[in-house]
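> Using the numbering used here, read the sequence shown as starting at 189 and increasing by one per residue. Attaching a single structure in structure tokens format; questions to follow.
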Amino acid sequence: MIHRMAYLETDRLVLRDFRPDDVDNLVALDADPGVMRYINNGVPTSREEIEGEVLPNWLAYYERGSAWGFWAAEDRTTGEFLGWFHLRPPPGEDVDDPEVGYRMRTAAWGQGYATEGTIALIDKAFRELGAERVFATTMTVNTGSRRVMEKAGMRLIRTFRADWPVRIDGDQHGDVEYAITRQEWAASRT
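In structure tokens:
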């Protein structure tokens, strides 16, 4: 079994395991309508849902000893909570084809943090976890997230229609999947 590293450092970020005392960080992040716009049309996630479902599900990755899961993102210099990243195979899917994702505070947007963390997790997936491909998805109209995927070396694979539980402005344009293969990643590192 590959064991999880409790944290991962980049030039400007520390990606660390979540702790039970991160509830306030997550509540504040999900209370920002800008952060939640392309997730559920700006509706905040309740404290009860974060305490009772979201955070316990994320902490369960660590309890299982999984190398996959969720990481809190902090500014390496100040320790300020900036958001989170995940790297995991979708439920029931192959472990060699994980999804990378992120959610960042609006104050952290446009500064390269999401790209930096995404690249670090893509590298981890290929170097340590045996991935053959890493992918990410977002709404077609979410240009900021698409730029992160492109800057992280991923390329557009397809446009598709996701089954959103709520109507989100722009969902009529569909969703996009970006990906990078092990071969593409290795070629970009030489």
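Note that CB positions come from ideal geometry on N, CA and C, so glycine has one too.
Using three-state DSSP, classify residue 303 as helix, strand or coil.
Correct three-state label for residue 303: helix.
> By DSSP, does residue 374 sit in helix, in strand, or in coil?
It is helical.
> Mind checking residue 363: buried by the 16 CB within 10 Å criterion, or exposed?
The residue in question, residue 363, is buried, as its Cβ has 16 or more Cβ neighbours within 10 Å.
> Per DSSP, which one or two residues make a beta bridge with residue 369?
According to DSSP, residue 369 bridges with 321.
> If you follow the beta strand (DSSP E) that residue 271 is in, where does it begin and where does it stop?
Residue 271 -> beta strand (DSSP E) spans 269-276.
> What is the DSSP secondary structure of residue 257, counted as helix, strand or coil?
Strand.
> How big is the Cα-Cα spacing for residue 304 and residue 199?
The straight-line gap from Cα to Cα measures roughly 8 Å.
> Is the beta carbon of residue 243 less than 8 Å from the beta carbon of residue 196?
For residue 243 and residue 196, no; Cβs fall outside 8 Å.
> Going by CA-CA distance only, name the one from 202, 348, 332 and 376 that's closest to residue 433.
The requested residue 433 is not part of the displayed model; the chain covers only 189 to 378.
> Would you kindly report the start and end of the unbroken alpha helix (DSSP H) that includes residue 380?
The structure shown does not extend to residue 380, since the chain spans only 189 to 378, so no value can be given for it.
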